[in-house]
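Residue numbers (full-length UniProt numbering): 1 to 84.
In structure tokens:
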């Protein structure tokens, strides 16, 4: 039983080098690379989240936008990021 619980818990973990954010009324889960933390657009979204929700969100990062706005933000970040 213990092993099953650990396996199920691991399904919700982000892969190494990534973290999870929740977006929209449905709290849609997105897994994003930690490199996005350096991006000014993403930093602005985190600042807005801190203003709106504070820092006490049950260990979750909640972003104050809908899913389509967040997806557009991700597209913009990808388009403006230098290629590896």
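Virtual Cβ for every residue (Gly too), placed ideally from N, Cα, C.
Residue i classed as buried or exposed, judged by whether at least 16 other C-beta atoms fall within 10 angstroms
i: residue 37; result: exposed
i: residue 78; result: exposed
i: residue 50; result: exposed
Through-space distance from residue j to residue i, alpha-carbon basis
i: residue 61; j: residue 28; result: 11 Å
i: residue 45; j: residue 13; result: 22 Å
i: residue 16; j: residue 30; result: 14 Å
Limits of the alpha helix (DSSP H) - the one that residue i falls within
i: residue 30; result: First-last for residue 30: 28-33, but that is the beta strand (DSSP E), not the alpha helix (DSSP H).
i: residue 50; result: 40-53
i: residue 79; result: 67-80
Element boundaries [beta strand (DSSP E), containing residue i]
i: residue 19; result: 18-23
Proximity of residue i and residue j at Cβ, strictly below 9 Å
i: residue 63; j: residue 22; result: yes
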